Each structure stands twice: as C-alpha cells, then as structure tokens.
Amino acid sequence: MYRHITILVLAIIAAVAVHAQPPFNKIKHEKPDLEQIKREINDRNSPYYYPRLMKEFQRNDTTMKLDKYRRLYLGYMFQEDYNPYRISAFSDVLNGNYNKTSLNRAECDSVIKYSNMALLDNPFDLNQMSLLISALKLTRQNSLAKIWQYKLNYILLAIASTGTGVDEDNAWYVIEPQHEYVLLNMMGYTITNHLFYEPYYEYLTVVSPEGDNSGGFYFNIRTILQEYYRKFPEEM
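The sequence shown begins at 34 in my numbering and counts up by one.
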C-alpha cells in the first residue's frame, strides 16, 4: 500500500527543511474532533465549508492560517475522491528524475510540469510539493516557490498541531501514511524503522538531527483505515 520514496526525494525534503522549517515549537497541540470538523466542512454557512476552503487553497491565498489548514487537511478524508493509498498517474513520468543526483533546467521544467499535474490530482501529495518547491528554486522562480513553501509549511503545522507524537494518546493524525515521513524529515529526523500497532497506530523510530537515537513517534491512522475499507471493502 505504501508509496515508494527514493533517496533523492528524501534528500530534497531534507534540503527544503534546512532552509524553511515551519515553527513547530510555537503551535498549540490539540487532538482533533473529527466529527466536529466533518460538520463544519459540510456546513455551507461555515467559514470552513470545504469547497470554499479548497478554492482559497488553490488560488494560493496566503491569508489562510492554521485553523483553516486543519479543516482543509483533515477534512480531505471525508471527500469522495479521497484515497490514502492512491498512486499518482504521473509517478512513472517523474520517477526517472527521482533517481538522478541533480537536475538540469529541462529536467526542472519537467518536474514543475508534472508535479503541478500530480497536485491537481492530489492536492496533498507532499512529496510532489517538495519536489516542486526545489525545482522552482533551481529555476529562480522564487516568488512562486515561497507560495508553495507557505502551503507546505501550514499543512505540516496542521499535522503537528494534532498532537505531540510521544505516545498513543497524543499521536499525530495524518491523511496519508507517507506524510509521516515528510513531517519527521522536515523536523530533521532520520527514520530508521516503521512499525504498526493494533488497532490503528503507526510508530516510526528515528535518529535526531544530532545523530542520537531518539526513540520514535506515534501516528493515528484510524480514519485512514476506516475510509479506505469503507470505499474498498474487498481490501479487508
């Protein structure tokens, strides 16, 4: 079920993190009430009505803050086209560039083109978003790179705001398993192992930025599994 991430993708995510790490230590941690979020995003009179949130996001509205990004991100699990294990139709096109150690201008242009197409298909493909930011910077499209960095940072802050990750009761919530890797890499951690604990927790062991064994972090994937098996019962 897991989408493959190559070494280059992880290296790009790490490089993006060095230059534009979100302020993880300044946010309030609050376990999300997913039923309340579901009500809010389906209420046409709510400022969090989902079609409106998605339009703001897609037009690069930088007035969106954490409250909206939490509803936008977590609310995506309740959209009909949501599939946490969907593989991008453009992954084969981009995989050739993933395996290169560096990109020339033509390859950057290709990454920009197909990453944008992949993000239209899945607006929360954070791997593609990281690649897009890197390619935009390499081609000196700095203003557009900053907008995408803003969006990526707030998505990661939305994830980080759902808990602390230190135990099951404070597990982080993600809408796609690969987001666990992106979040921890952006925090500077190197992931050493990935474990699943019943009934719906994933635990990633890590090495700290200083090279110390730092234990690991918990992620709650209950809604991921519920929505996936609701839509694809044959996979149970």
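C-beta atoms are modelled at their ideal positions from N, C-alpha and C, and glycine is treated no differently. These figures come from a predicted structure and were not determined experimentally.
Item checked: Per-residue burial, Glu235 [other beta carbons within 10 Å of its own, 16 or more giving buried] -> What you label residue 235 is simply residue 202 of the sequence shown in a count that begins at 1. Counting Cβ neighbours within 10 Å, Glu235 comes out buried, since at least 16 surround it.
Next item on the list: Out of Gln161, Phe252, Ser79, Gly221, point me to the one whose CA is closest to Val199's CA.
Entry: Position 166 of the sequence shown, counted from the first residue, corresponds to residue 199. For the set Gln161, Phe252, Ser79, Gly221, the Cα lying nearest the Cα of Val199 is the one of Phe252.
Notebook entry, point to check: Taking one C-beta from the stretch 99 to 117 and one from the stretch 202 to 221 each time, how about it: are there three or more such pairs within less than 8 Å?
Noted result: Output reads yes: the stretch 202 to 221 touches the stretch 99 to 117.
Item checked: Rounded separation between Ile74 and Asn137 - CA only -> Within the sequence shown, numbered from 1, the residue matching residue 74 stands at position 41. Within the sequence shown, numbered from 1, the residue matching residue 137 stands at position 104. Just so you know, the alpha carbons of Ile74 and Asn137 end up roughly 42 Å apart.
Check: In or out: Ile70 buried (at least 16 other Cβ within 10 Å) or exposed?
Finding: Counting from 1 along the sequence shown, the entry for residue 70 is found at position 37. Burial of Ile70 is indicated by the presence of at least 16 other C-beta atoms within 10 angstroms of its C-beta.
Item checked: Asp94 Cβ short of 8 Å to the ligand FMN heavy atom set -> The model depicted lacks the ligand FMN and carries no ligand whatsoever.
Margin query: Please return the same chain residues whose Cβ sits closer than 6 Å to the Cβ of Ile30, not counting the five positions on each side in sequence.
Written below: Outside the displayed range of the chain (34 to 269) lies residue 30, so it cannot be described from this structure.
Next item on the list: Could you have a look at Leu228 and say whether DSSP puts it in helix, strand or coil?
Entry: Counted from its first residue, the sequence shown places residue 228 at position 195. The answer is strand: DSSP assigns Leu228 an E or B state.
Next item on the list: Could you tell me whether the stretch 217 to 231 touches the stretch 138 to 153, using the rule of 3 or more Cβ pairs below 8 Å?
Entry: They do not touch, by the three-pair rule.
Checklist line | Local conformation of Ser247 per DSSP, three classes | finding: On the sequence shown, position 214 is the one that residue 247 refers to. Strand, per DSSP.
Next item on the list: State the beta-bridge partners of Asn253 as determined by DSSP.
Entry: Here the question's residue 253 lines up with position 220 in the sequence shown. Paired residues: Tyr206, Tyr234.
Next item on the list: Enumerate in chain order the residues of its own chain whose CB-to-CB distance from Tyr187 is below 6 Å, with the five nearest sequence positions on each side excluded.
Entry: Numbered from 1 along the sequence shown, position 154 holds the residue referred to as residue 187. The residues are Tyr102.
Notebook entry, point to check: With respect to the alpha helix (DSSP H) encompassing Met220, which residues constitute its N-terminal and C-terminal limits?
Noted result: Translated into the one-based positions of the sequence shown, residue 220 becomes position 187. Here Met220 belongs to no alpha helix (DSSP H), and DSSP marks it neither H nor E.
Next item on the list: Run the CB neighbour count on Ser241, radius 10 Å, all protein chains shown included, and call it buried at 16 or more, exposed below.
Entry: On the sequence shown, residue 241 is found 208 positions in, with the first residue counted as 1. Exposed: under 16 other Cβ atoms inside 10 Å.
Notebook entry, point to check: By how many angstroms is the C-alpha of Gln174 removed from the C-alpha of Met110?
Noted result: Taking the sequence shown and counting its residues from 1, the one referred to as residue 110 is at position 77. Taking the sequence shown and counting its residues from 1, the one referred to as residue 174 is at position 141. Approximately 32 Å between the Cα atoms of the pair.
Notebook entry, point to check: From the DSSP output, which residues share a beta bridge with Val240?
Noted result: Indexing the sequence shown from 1 puts residue 240 at position 207. Val240 is bridged to Thr223, Asn246.
Check: DSSP state of Arg285, grouped into three classes?
Finding: Outside the shown range of the chain, which is 34 to 269, sits residue 285, and nothing can be said about it.
Check: Under a three-way DSSP split, which group does His37 fall into?
Finding: The residue labelled residue 37 in the question sits at position 4 within the sequence shown. In this prediction, His37 has a pLDDT of 42, which is less than 50 and means its spatial position is unreliable; what the coordinates show is noted afterwards. Looking at His37 - three-state DSSP - the assignment turns out to be coil, as it is neither helix nor strand.
Notebook entry, point to check: In terms of residue numbering, what span does the alpha helix (DSSP H) encompassing Arg104 cover?
Noted result: In the sequence shown, the residue the question calls residue 104 occupies position 71. 99 to 108 is the span of the alpha helix (DSSP H), which, as asked, contains Arg104.
Check: When we look at the beta-carbon of Ser194 and count the other beta-carbons within 10 Å, is it buried (16 or more) or exposed?
Finding: Stepping through the sequence shown from its first residue, residue 194 is reached at position 161. Buried is the label assigned to Ser194, since at least 16 other Cβ atoms lie within 10 Å of its Cβ.
Item checked: Cβ-Cβ distance between Ser148 and Ala178 below 9 Å -> Here residue 148 is taken as the residue at index 115 of the sequence shown, counted from 1. Here residue 178 is taken as the residue at index 145 of the sequence shown, counted from 1. Taking C-beta atoms as the reference points, Ser148 and Ala178 fail to come closer than 9 Å.
Check: What is the rounded straight-line gap between the Cα of Asn155 and the Cα of Ser121?
Finding: Locating residue 155 in the sequence shown gives position 122, where the first residue counts as 1. Locating residue 121 in the sequence shown gives position 88, where the first residue counts as 1. If you draw a straight line from the Cα of Asn155 to the Cα of Ser121, it is about 8 Å long.
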